[in-house]
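Chemist:
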């Protein structure tokens with residue numbers, strides 16, 4: 001089992017920045033967790049959950065077109081990942097979920113990001 005806990009959401013003005021963090025815990029050391037992917041998804045009101053960014057073993061990253069050049073995902077060590085969000089837009093407003101896949105999808109509880117003046 002893998003537990004994911006996010007932090008760092010909040011209210012920010014358009015053009016501002018936020019940094020989200022996610023810490024994994026549970027049976028991660030017994031499953032070589034560092035070899036499994038982590039990432040971020042988001043869900044805006046009345047919309048489906050969508051991929052934001054992922055990072056896999058070896059450091060390869062993948063981004064949604066809507067965030068390329070503005071967001072940066074990193075993996076600090078085997079169990080932590082962060083999402084640096086710059087030049088935020090109102091359309092980035094959503095609940096952001098930390099994600100990992102270890103045989104099945106694991107999700108954090110979500111953290112609200114609101115971009116508004």
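Residue numbers (this note's numbering): 1 to 117.
Yeah, the Cβ is synthetic: ideal placement off N, Cα and C, and Gly gets one too.
1) Are the Cβ atoms of residue 33 and residue 44 separated by less than 8 Å?
2) Closest by CA to residue 93, which one among 26, 4, 27, 41?
3) Give the C-beta separation of residue 2 and residue 97 to the nearest angstrom, bearing in mind that I take them to be a contact with Cβ-Cβ under 8 Å.
4) Can you tell me whether residue 68 is buried or exposed, with buried defined as 16 or more other CB within 10 angstroms of its CB?
5) Comparing alpha-carbon positions, which option in 11, 35, 14 lies nearest residue 103?
6) Could you check how far apart the C-beta atoms of residue 82 and residue 21 are, in whole angstroms? I think they sit under 8 Å.
7) Which residue comes first and which comes last in the beta strand (DSSP E) that contains residue 33?
8) Contact check, residue 6 vs residue 108 under 8 Å by CB: the rounded distance?
Modeler: Here's the rundown:
1) no
2) 41
3) Actually they do not touch by this definition, with Cβ atoms about 13 Å apart.
4) exposed
5) 35
6) 5 Å
7) Counting along the chain, residue 33 falls outside any beta strand (DSSP E), and DSSP gives it neither H nor E.
8) 5 Å
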